[in-house]
Each structure stands twice: as C-alpha cells, then as structure tokens.
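Comments concern the structure below.
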Amino acid sequence: MEAVSSLARFDSQPAVTALAVRDLAKTFGGARALKGISFDIGPGEVHGLLGQNGCGKSTFVKILCGFHAPDPGGQISLYGEAVPLPMAAGSFRDLKLAFVHQQLGLVPSLTVLENLRVSHVTGRRGLINWKAERIAASQALGRFGIDLDLNARLDSLSQTQRALLAIVRASQDLADSQSEGDKGGILVLDEPTPFLPREGVQRLFGLVRQLVGQGASVLFISHDIDEVREITDRATVLRDGEVTARIETAHASHDDFIEGIVGRRIVRVTRPAAARATASVKAAVRDIAEPGLTVPALDIQEGEILGLTGLIGSGYERLPYLLFGADRARTGTLTFGGQVKSLRSMTPRQAVADGMALLPADRPKASGIGSLPIVDNLLMLDMRRFQTRLGLRRRAMVEEAGKLSTQYEVRPNKPSQKLSALSGGNAQKVLLAKWLLKRPGLLLLDEPTQGVDVGARQQLFRIVRQAATDGAAVICASSDFEQLAQLCDRVLIFARGAVAAELIGDEITKDHIAERCYVESDSRPQARIDG
Amino acid sequence: DAVSDGVARATAVIDQYRKLPTFVAPGADFDIEATAKGKTMLSIPNTSANQFLKGIITREIAVGKEIGLKVQEWQNQGQPSQWVQGMDFAINNKISIVDLISGVNPAVVEPQMQAAKAAGVHVFASHFYDPSQPPDPLLAGNLPVSFYRQGWILGNWMIYKTGGHANAVIVKSDEVLPTAPLVQGIHDALAKNCPDCKISAEINVGITEWGTKIQPSVQSALLSHPKVNYVIPIYDSMSQFVVPAVRLSGKTGQVHIATSNGTPFVLDFIRNGDVEMDIGESLDWIARATIDGYMRELAGLPMPKEIGVPYYLFDASNVKTAGIPASANKGYGDDYVAGFKKVWEIK
Amino acid sequence: MAEPRFHLGLFVERFALVGAWLLTIIVFSIVLPGVFLTWGNFSVLFATQAPGAVLALALIIPLTAGDYDLSVGATLTLSAVIIGVLNAVLQWPVALAIPVSLAAGLAMGLINAFFIVYVRIPSLVVTLGSASVAAGLVQWISNSSTISGISPALIGVIGHRFLGISLVFYYVLALACIIWIVFEYTGLGRSILFVGRSREVARLSGLNVDWIRAACLVVSSLLAALGGVAYAGLLGAADPFSGLNYLLPAFAAAYLGATAILPGRFNALGALIAVYFLATGITGLTMLGIPIWVTSVFNGGALIVAVTVSQFARGREETDIV
Amino acid sequence: MAEPRFHLGLFVERFALVGAWLLTIIVFSIVLPGVFLTWGNFSVLFATQAPGAVLALALIIPLTAGDYDLSVGATLTLSAVIIGVLNAVLQWPVALAIPVSLAAGLAMGLINAFFIVYVRIPSLVVTLGSASVAAGLVQWISNSSTISGISPALIGVIGHRFLGISLVFYYVLALACIIWIVFEYTGLGRSILFVGRSREVARLSGLNVDWIRAACLVVSSLLAALGGVAYAGLLGAADPFSGLNYLLPAFAAAYLGATAILPGRFNALGALIAVYFLATGITGLTMLGIPIWVTSVFNGGALIVAVTVSQFARGREETDIV
Ligand SMILES: Nc1ncnc2c1ncn2[C@@H]1O[C@H](COP(=O)(O)OP(=O)(O)OP(=O)(O)O)[C@@H](O)[C@H]1O
Ligand SMILES: Nc1ncnc2c1ncn2[C@@H]1O[C@H](COP(=O)(O)OP(=O)(O)OP(=O)(O)O)[C@@H](O)[C@H]1O
Ligand SMILES: [Mg+2]
Ligand SMILES: [Mg+2]
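Protein chains in written order, with the numbering used here: chain A, 1 to 531; chain B, 532 to 878; chain C, 879 to 1200; chain D, 1201 to 1522.
Printed below as a string of structure tokens:
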C-alpha cells in the first residue's frame, strides 16, 4: 500500500528521478542525526550534499549502503522503485550503487588486490581465479594511471593512494553492476577529496563527467565550495539533520553557498601582511637524505606558518612524521629549543617532551581513540594538570573538556560521549584541540582541516594562527591549496622528493600554488597521475 | 629351576585372591547405633569426579542411614582450596567426623587439621595410607590399606600368566601417596619370583594430564620396546587411555593390561576383552569398614590396624558376576553385610 | 606490475615450521635408530593426533572471522560422550547416535552465535561460559566416568587402516584441504577474512557480518562435534575430561600454523603441520624415556621458538593476528 | 554541559552484578537457614578465594593494556611450589624463600615481555607457551607431588584471622583498591588504557608504549607470584596443579567484572565482586550437596547471564573489550 501511494507521489513529478528520498530520519540513542530529509537526484545529475560537520551527510550515505537502519517511516526510491528499508546487506550492488566512504572503507591489513576486488571476490559463487582478479585489478588501476604493487599491504600506502584506490574501486564496481545498454546507477562520494592533490581531483571530476555522460548519477559530498561549484548541477544543504536549502549551482555564487551552509556570512582569516623580519629561527632542519626525500636545509621562524605541498609522490607529506620521530629517519638533524637532535634517534616521546606536536592525517588509526570518551582524547596529553595528590580530578576534566568543545565548536558538546560518535569533522576539531592545549613550540600538521566544514575551518585557522602569534612555528602539510593560501606565510612546493619552489607573502594564492605544482613536476618525465 | 619355582610361588599368590572373599570381624561386637546417635560425618573426596570415591561415599550415605549417622559429601573439583573450605565448613557447623576418603592428603590442609583438632572435630583418613607409611599426627584415626599388596598381586599376575617372562611398562602417578608402595610391590614380586622378568619403562603422569599424556606415552613406549608384553596402569581409571594406545600401536593380542581398583567401566573393558585383569575391592565393603572403624574410635574401642577389605581378582572367567554393565558392589558375595550387622549388634 | 619473485625472508618465513619439523624428525631418527623413523610409529602418530588436528582446524575458522571459540574442547567431549551413552549404554545404533551428537554440536554453535553476535558479548566470555556449561552436562550424562563398549562399526569407520594409517587421518587431511580451498579460493573464505580484519569495513562493503560470524561459530562447533565422533571411534570409548586437554594444544597449533605457509593468516595447512610438528617432538622425547615434564617444556618452548624464528624472518613486524 | 543525571539503564548496568550477588546470598540464606549466612562461612569464602582474586586482579592489568596473560596460573603454581621446595624441603627460612619465588615471577614477566613486546609475538601465543614451560618446570621441581610442611610463620602472616577473616583477604582488598586508584585516578592508569585502546595513538602522543606494555606484563606476573605466596600460606602446602584451575575462573571474573561498576572497562572492583559472586554461588550449591556438575553449569551460566543482563541494559551495544 505504501509503495503505491509513494509511487503516485513520484509520478506526479515531471521526469523520473534516479534517487528519491522522502522523510528519511535516523536516531542514535535519543539524538536525531537526520530529522526527515527529502530530496531527489535526476538521472545524469551530479548532486551535491552539503552542510556543516555533523549535519548528517555520512549518516545518509550509511543508510543508503545498508549500514545503518533508518527510523521507520522514511522512503528511498531508485528509478521509481521503492527500496525496502532497512536495506539487506550487499543489496546496494544489485541496485547499482557504489560508494566511496568518508573513511574510505578499506582494510589496512589486507593487500591492495584484496581491497580492490572485495566485491567481486566475496560475491563469487565458484572458485576464485586469482590470476584473472590480478589482471582485472591491474587494468582498473592502469586506466587511472596508478601504479601500485598489488601484493602491498594497504597500510603501506599513503592516504592519497588509499583515496585513489577507493575511487577506482567504486567506479569499477559501478561499471560492473551496469549491464550493456543500461548505464544508470549512482556513485556516492563522501568527501573523497581531502587527500587528493589538485590533479587527482581533476581526474576524479573527469571520471564523474564520463559517468554522467553515460547516464549515471553522482552524489558528491565535500566541504570545498569551489569543487562543489565546479562539478555539481544542483545541491541540497543539510543543517542539524534537516534540509535547509536547495541550490541550483549555475545560479549561485561562492558566498551564496557559504551562506546556505553556515547560515551567515563568514569572516575569512587573513594572513598578516608579511612575516616579521625580526623573528628568530625557531626550528632548523638539516641534511635529510632519505630515499625519496631530500631536505638539505630548512628554517622555520618563530610565529611562522610554513606550508608544504606538491603532487602525489613528491614526498612532502613525510616530513612532519620524520621530524616527529613517528617514522624512522636515517639521516638529518633538527635544531629546536636550543638543541641539535639527530632524527635517527628521534622518538615521538622525545618530540612531545621537547614541545613538538603532530596531528596525523590518519585519524582513526593514528590520531584519535574512537572507543574512549571525548574528554580522554582531548586531555590525553594534559593529564598532569588534573593530577592532585589525591588523584585525577575527573569532574574538573569533564568541565574543562566542555569549555574547550565550545571554543572549538565541537557539536554535539558531550565530553563523556565516545569520540567515535562524533562526525568526521568534529572529531578532527577535538584532536587539533588536544595538541594545541600543549602550547607546542613546533606544531606539525598533516591535512589539519580534513573534513572540517567551511564555517568551523575559519575557526581552526584562527586558532592555529593564534598559536603562531603566541610564538609557535607551524608546519602544515596539505594538498588543499585554498587552505594553504589562507593560512600560510610561506609555502614550499615539492617535486620528486625535494623542495622545488618557495612562495612567500602575496605570491601565495590558490591558483599560484596549483600552477607551480604543475610547472615543477612537468619539468621532468611525468609521474604517476596523468592522463 | 628358579624360573618354575617362581612361577609356582606366583600361582599360589594368585589362587589366594581368586577365591570369593570372606568376612573377618574387625574387632569385638559393639552397639553402633548408640555410638552414631546425634553424630554427623562430612566426607571429603579427593575430587567428586572420581567414580571410585563417589561410589564409596554413596554407600557411606546409605550405611549411615542404616545406623543413624548423618553423612554428607563435600562436593569438589579436586582443588585444595575447596578441601580447605570443606574442613572449615565442618568446623563452623560442628560436624563430628571429617572423613578424608582415599585421596585428600591431611598434610595439604594442615592449618585446618589443627583448627579441627582444637574444635573437637575428629578427622579420619581411610583407604589412603599404606600400613608402612606414618599417618599425619593430627589425625584422630587412620584406616590404611595395603597398596603394596596390590602391587605384589599385579607383579605375580604377570609372572603367572607369562610363565616367568613378563616384560612390563608401568604407568603411575608419583604425586599420589599410595603409588610408591604399590610400585614397590610390583618390583618386589618380580625380584623375588621371576629372574627373567623385567620392567622396560615406568611412565609417570600427573593425574590432571592422564587424558593427554598417557596415550601417547604408552604408544611410544610400546613402539620403542617391541618385546613388552604387559602394560600395568596401576590405577584402573588410567586404562581407558592405555587400551586405545595398545590397539593403535597394533599390539592387540601381544600386550596385555592388568590393573587394580575394580572400577565398573574397567570391568566392562574386561568383558569386551580389552583388559585382562583388574584387582577389585567392594566399595560397599569399604564404606562399611570405614564407618565401622570410625565408630569404634568414637566408642573408645581400638581401631583395626588395616581397613580389612579383601582383594578379589576379576578376569574374563568371573567378570560377569559383577553385572552387565558392571556395578561397583556386585560380585563380592554378601556375607560381609550380614557379618557387619552382627558385629554392629543390629537386629 | 612486477611479478612476485623468490624472496629469501619470505621463503624462510613460510617454511620455517616445515623445516623445524623435518629437523625434529632427523634428530630423533639419529638418536633413536630403527625405532623412531618407522612406518608404525608415524602411522600411530598420524591417527592419534587426529582429534587434536580437527580441533585446531575448527578453531581457525572463527579465529579468521575474529572470534575466539574456547568451547571446542568441551564440544568435542560432549559429542564423544553422547555417542558413548547412546551407543554403548542405551544400545542405539551408531548411525542414530552420530546425528544426535552432531545436533549437540550444532546447538552449541547456535548458542555461542546467539550470545556473541546477537547479544554482542565478547566471544572469549561466551565460549568460556558455554564450555563450562557443556563440561557440566558432560559430567552429568556420563556420570563422570569413561563409557566404553562403543560399537565396532564406528571403530572400523574411524580406525580401519589404509596404507597402515587409520582412516581418520585421511578424513582430517581432506578436511584441511577443504578449509584451505574455501579460505583461499572462494568468495565465502575471503568474506570471512574481511569480516575478521575489519567488521566495519566488511559491513560497508555489503557483507552480512552477523551471518558470517554466526556461521563460522556454528561450523566450528560442528567440526568439534565431528572431532568427538573421531575421538570416540579412535578410542572405542568416551571419557569426560580429555577434550579439554586438547584445547590449549589446538590453540597453540592454530597460532603456530599462522606463522607458516601463509604467514600472518590462520591457515589450515599451517595448523595441520603445527599439530604434527608438536606431536612428533613429544613422541620422540617420550621414546627417549625423558620425564613427562620435559614434554610440557618442549610444547611451550617449541611454540615460542618457532614463532620467534618466523618473526625474525619478517623483521619483527607487528603481526595481524591477535 | 548538562550534569550527568541518574540514568536507570546505566545504573542497572553498573550494579547488575552486585544485585546478582545479593540475590544469590538471599536465596541460599533462605534455602540453608543458619548454615549459609554465617560469619564463619563467609570468612572462609573470603579467604579461600583470595588466590583466585589475586589472579583476576593480575589479569586485568595487561588486559587493560591490550595483552592477554594466560601464564598467570602457571606462575602462581611456580611461586607456590618454589616456596614449598625451599622452605619445606630444603628448610630455608620463609623470608628467603619468598624473594626467590617473587624473582621467579619477575623472570616469567620479563620473558613474556621480551617475546611479546620486543619480538612482537601475539601475547596469547607467548603466554600459552610460557605457561606450558612453567608447568613443566613445576612438575620437575615438585616431582609432580604436593609439598606440605610449609613454615607456620608464613601460615600466620597469611592465615592469621582479624575479625574472623584471614589476613590474606585484607591484602587482596588493599590490592584491589590500589589497582582501582591507579587505573582511575592516576595518569599512569590512563596511559595504560590509552595503550590498550590504540597503540599507535598512544605512541604518537609520546607514551612509551613498549615500556608500558612490558611493565604491565611484569606486574601481572609479579602479582601472580604473590598469589602463589598467598596460596602456599593459606594451605600450608603447595600442589603442582591447582594454579591452572584458577586460570579460567579468573579470566571469567575479569571479563564479568568488566560489565560492572565501570562497564566496558576491566576494573578491579568489578573483578573482585565477580570472583566472590561466582564463589558464593558455588559454595551454596556445595552446601546443598548438589552434584558437582551443577556447579560447572552454574559457573558458565552465571557468567553468560550476568553479562547478558548488562548488555541488554546498555541496549546491546558493541563492547570495547575483546
Ligand atoms: N554511531 C553513532 N552513534 C551516535 N551518534 C552518531 C553516530 N554516528 C554519527 N552520529 C551523530 O550523527 C550526527 C551526524 O553525523 P554524520 O557523520 O552524518 O555527519 P556528517 O554530516 O557526515 O559530518 P562531517 O562533515 O563532519 O563528516 C552527528 O551529530 C554525529 O555525532
Ligand atoms: N590473497 C592474495 N593476495 C594477493 N595475491 C594473491 C592472493 N592469492 C593469490 N594471489 C596471487 O595471484 C596469482 C595467481 O594465483 P594462483 O594461486 O591462482 O596461481 P596459479 O593459477 O596457480 O598460477 P601459476 O601456478 O601459473 O603461478 C599469484 O601471483 C598469487 O601470488
Ligand atoms: Mg561525514
Ligand atoms: Mg584536497
């Protein structure tokens, strides 16, 4: 009966929709993450799903893949046919849906081959022909111009390589579920771009356009307004689990988007006119000569925010981990806090003791402990402050965590909740706060605002900038050129494992960074990501 | 010659234990009901999972009912801390007698023995020590049983059966007190009555490891000593692991099994032809003799020097008398029941 | 893509256990000439370790799916004792007794799966508890004593010799091959691996995690029950205690096996080799007439040493199994 | 931020185990009037379960840090037997024997830590192996037999009664309080928790993960050795097997305890309550003269039921302990 009435409603619409969502709601133990959202995606449409951290985007995606069961009452229809909810495990494949999840959905301890071919291999009835799987995997990677060892374990790959792998997998799965002549289907991309360098994003968009050209639809989730404006046709904006705006991309400006998402105009953080000439050198790196990364000399001044960037394989993202001792270095020294330290013997323990801080990019594995409360994650490094002779003052810790959550705009503000219950962006805020509490002298960031929404991002920039003003030296490795442009006093562009260019002051703009990245790596036979 | 003389002596020993046992009064007649009146007894077995002990205690409870003694079992899984708890339970609840039946070593619960003595609880041990072993001084009384004689019978059985050419593997558990005299009995039998006999291997396996270690060890021993013709698991509960070991090493028919205790499932093994001989003791008899001895102590009479329960050999010729399937109290005749009734002055 | 080439470290890692086994055999053959290296000795070894091998194979299935099953030992005993009671005491034909004992295994598996997968209690807790309950039931129905007199029909099917080795060994071999093929070459096997390595990712990939975990637990209990049938047939009797004694060695073999053949993954061939490696060492030592306590030391020592060798071969990397 | 308010589900979850314990006491008090609910009974109960309680407390330390220690049972036995041999057989004074047995515990801990932390072998494998080795050594030095005749000096220190209960119970109580305070109210305790929940995050946050894990393993072995001293003192004798009997109940108690007081985390008070809850049930059943197999069923059933109650109270959420 339900299906009939809903069909009737859809029929009244002009064209048949690829995906129709009606009154979809989801409650997590009393908290309503989705409060009944409705929107449509047409065939051949690229549809943006936007909104601040924690507004329910990933929750929707996880309902669509059958991970979460929605509250009763909502409906999802694909090409006019109602989907029984909750969806059975794996049924999304028959419905021609393919996903890139926000945390990518890859298994670190298995091989590239196994991760790439998971849906084929697990869905098989007969025996697996590993040779055929290998060939198919190589071809899929080859079509994307990616060179990966199929036997390599996933956890030996960089975040960028992992993101690419997830995208290749999803596009392959979608292609495989389409039958000849019928090229429908929906590709769902939940924040696929934070780890992608610019040219990776372009390749992704190329793929998206190709799929759309064949009649498939794409649901695209991102916090990067420029990306959204570039690729989407329409967008739906969520706030606190409700649809608050529908935007026709062609008729909306950058600021219209931001206003739609945040609900207000935002004040952008602006870089101070120029770095202070008088500032002293806070940290000095010398003589790093690792396989794939050479840094003969690099000085960071007090109060300076130094950006590192480059294309895939340029090696820039390894520097923070080497300086912090998180990855073993064989060469190089770091002069910091008046001491010359050999990186060979550097350990994270030593680094923390010396007043360094590292915010890694791999949030679930290396950055946050999902099974522990927010308060423990937040105050992990600051336990001593709450230690009295009679033990830890737990209540004071919870209060302090509440204050910090407000300051960092963590939503919802419930310090005793587990970190894993926070949305991706909110968890990132907590973890940045964890390190900034230590007032580090040298702050090392890898993709610090990954998954952080446009509004909160300004807040984080302000906080990082304040830390710099208070005397810290900041190194920020990022593939997000806009972030670098807003935040950094100086940007180093890496190519083939070495610094290839340096941008200072007004030279630092999004386009300029992009241009230099290409120029520097083009000056040699092409690397891995290419047409 | 020496060999045939020895075989003759061994045969005499064996014949003596193939006769149906007869009852010998443990002492003067006395009014057991008067002694037992108002008394309680707590039996603590080594572990409640042991069918030999369980069988004795079940009979003790029944005999207790006959004479007006309240008997209770302290169920346990063989953990010393549970024995401690049992002793303390007896002390706290003013139980008159604690019966450490065949296994709980009084030395292991020494602090509790002391406390029991101070509280006036009589702690007895029955069917635990060999007469040659000094009992724990804190015991109120002791009813030893000759484990040496069991060994002696086992040794002579092999001599008798092989005509003086026994070659044996012995499976034992050194951690239990009766093992030493029992094994000594086997050695002495071979030394005295058989110049050509030998013991190829003695395998010592802790009780908790019977299930995993006996079978492979016996197999290895049989394979590395191809001339062996007897395996003696000194306690018959071990034989469940010895029987498959013999079969799996392909020695069925060549290697025989003789053992002791008369546990019913082993008697079933005899009926099936897997085991050759088992030295049996009637559990009901042990129960009666135990209660008899304790009550004599309480009545101020002298306790017997030994528990006085006779051994009786079961083999293929007489195993059916123990019942099908075998039971722990059948096959020993029943004149002892009447005998005890008379001694106890029960009408 | 580069073809995988011969790699010394990897080779050492994969075959260290096999090498250790061969070395053990060689050493004992020299020390015990004419006694150790005989067909008779090895045929006995292969047959008597069969129930332990079945347990090890049963264990690796839920272990791959990320669950511990500590109840397999108790399930083996339960199944053996049920056969004993039904066949030897109540005189049922074996053909009726076996289905009942397998049904008991099925019930154990379903109970484990219910509490682990539906109620979401850690598997260690549930199987610790269910093992204790099963052990109690075993003592009850067996009256804590060994039941002998199991039908020669069963003993024949299990213990009949082919090429001098009891049939049960060939069954175990077949079982190991099936498990190997399922894990390496079927979609189901890979699904189990995915579930074990990351439940969340497996769910996002559309696998029915709950069903897969439940199925693995049920299969492991069923295999354990089959192990009980093998045990009863091998001994011709069922005793209420020794299944538990197989548990720790089976765990040791499962983990030791995960260092061999396919290092870093629980695998059937590795587990089988591990069972027989440990048993060979112990047989040799007992033949030497060495006191029993040495075999405990060997068991533990060999486990640690063998894993250590393979760890050094892989540069002391963190392993994926926990 | 809203103040945490009274929450029925959470309350049920935290105190379900205590409730189950009280219920057990009430039922047995009614069924066994005048026998069960006596100071004498409970004082004995408290004392005899002390070694098991020490083991459960020892276990939760490495469990919190993410490592299993299956060797605590063997270590307890080793320590008790060393005291037995040195004091009762070789006539050393207790004051010399105790340090030696603690040193043996220390050695066990260091060996475990070396293979787990340095060689990076899964803790389950290492401690399975080291437990087997230790069990072999125990049989060797004790000649597989119980050693009695331990000095009254030790018996006095452990078994002397204060308010009717042996001193050993107060030691256990003090130990549980110390562990509770360390885990809940010190930075060290939090660090252990961080290490257990995510080694990588802990490492990058500057914690010395290897040292913390090693320290937890060493402390757990040392506590187990102390448990051995308590055991020897309680019995005045040392037997070579029963430490292993304590192992599974101690694991059960550690996990059961993790459903109470601080649900979702191994915690000392929960473990202590779990030990005494299980022991109370078994004592009551024993006093009723119920067949021994019922106690096994009770042990396992109580574990599963208690955890199930607390799981339903928390809405069957996935637990964090594995
Ligand atoms: N498993 C869970 N349990 C409880 N609450 C949850 C859970 N998963 C998500 N939430 C809550 O649901 C809300 C929506 O989260 P969701 O992950 O969908 O946000 P999002 O829009 O994807 O944000 P982001 O841009 O930061 O990724 C958040 O408030 C989050 O805290
Ligand atoms: N789980 C896996 N992960 C990665 N690679 C695998 C996996 N399983 C098999 N392979 C690889 O797939 C390839 C084919 O495997 P398969 O076992 O089918 O070989 P084959 O058909 O026997 O080929 P040949 O005998 O000619 O080498 C091999 O290179 C093997 O290493
Ligand atoms: Mg999200
Ligand atoms: Mg980006």
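Just so you know, even glycine gets a beta-carbon here, dropped at the ideal spot from N, CA and C. Quantities reported herein were computed from a predicted structural model and do not represent experimental measurements.
Does DSSP put residue i in a helix, a strand or coil?
| i | result |
| --- | --- |
| C/Glu1196 | coil |
| B/Asp823 | helix |
| A/Gln103 | coil |
| A/Leu24 | strand |
| A/Leu311 | coil |
| A/Leu34 | strand |
| B/Cys728 | coil |
| D/Tyr1318 | helix |
Spatial neighbours of residue i within its chain, please: C-beta separation below 8 Å, excluding the five flanking residues on both sides.
| i | result |
| --- | --- |
| D/Leu1302 | Ser1279, Leu1422, Ala1425, Leu1426, Val1429 |
| A/Thr111 | Leu150, Asn151, Ala152, Arg153, Leu154 |
| A/Val372 | One detail in the question is off: residue 372 of chain A reads as Leu in this sequence, not Val. Lys418, Leu419. |
| C/Ile1160 | Thr1173, Phe1176, Asn1177 |
Within 10 angstroms of the Cβ of residue i, are there 16 or more other Cβ atoms? Answer buried if so, exposed if not.
| i | result |
| --- | --- |
| B/Asp865 | exposed |
| D/Leu1222 | exposed |
| D/Ile1378 | exposed |
| D/Gly1266 | buried |
| B/Arg778 | buried |
| D/Ala1415 | buried |
| B/Ile838 | buried |
| C/Ile904 | exposed |
| A/Phe60 | buried |
| A/Glu230 | exposed |
| D/Ala1288 | buried |
Out of the options, state which residue places its alpha-carbon closest to the alpha-carbon of residue i.
| i | options | result |
| --- | --- | --- |
| A/Ala245 | A/Pro197, A/Gly51, A/Gly30, A/Val218 | A/Gly51 |
| D/Gly1349 | D/Val1281, D/Ser1243, D/Thr1483 | D/Val1281 |
| A/Lys35 | A/Gly48, A/Leu78, A/Leu19, A/Gly54 | A/Gly54 |
| A/Asp155 | A/Ser109, A/Arg117, A/Leu116, A/Ala472 | A/Ser109 |
| D/Pro1251 | D/Phe1314, D/Val1272, D/Val1235, D/Leu1237 | D/Val1272 |
| A/Ala401 | A/Val430, A/Leu95, A/Ile225 | A/Val430 |
| A/Val16 | A/Val237, A/Gly215, A/Leu165, A/Leu113 | A/Gly215 |
| A/Glu227 | A/Leu492, A/Val208, A/Val212 | A/Val208 |
| B/Ile701 | B/Tyr691, B/Ser677, B/Pro764 | B/Pro764 |
| A/Ala20 | A/Pro194, A/Leu64, A/Leu238 | A/Leu64 |
Once you ignore the five residues that flank residue i on each side, which residues in its own chain have a CB closer than 6 Å to its CB?
| i | result |
| --- | --- |
| B/Trp816 | Val840, Tyr867 |
| B/Val850 | Leu798, Ile801, Arg802 |
| A/Pro14 | Annotation note: pLDDT 46 at A/Pro14 (below 50); position unreliable, coordinate value reported separately. Cβ neighbours of A/Pro14 beyond the five flanking positions: none. |
| C/Leu948 | Thr1005, Leu1006, Ala1009 |
| A/Leu445 | Leu359, Cys476 |
Please confirm whether any heavy atom of ligand 5 lies closer than 6 Å to the CB of residue i.
| i | result |
| --- | --- |
| A/Phe257 | Absence of ligand 5 is noted for the structure shown, with ligand 1, ligand 2, ligand 3 and ligand 4 being the only ligands found. |
Report the neighbours of residue i on chain F: residues whose CB is nearer than 9 Å to its CB, in chain order.
| i | result |
| --- | --- |
| C/Ser907 | Absent from the structure is chain F; the protein chains it does hold are A, B, C and D. |
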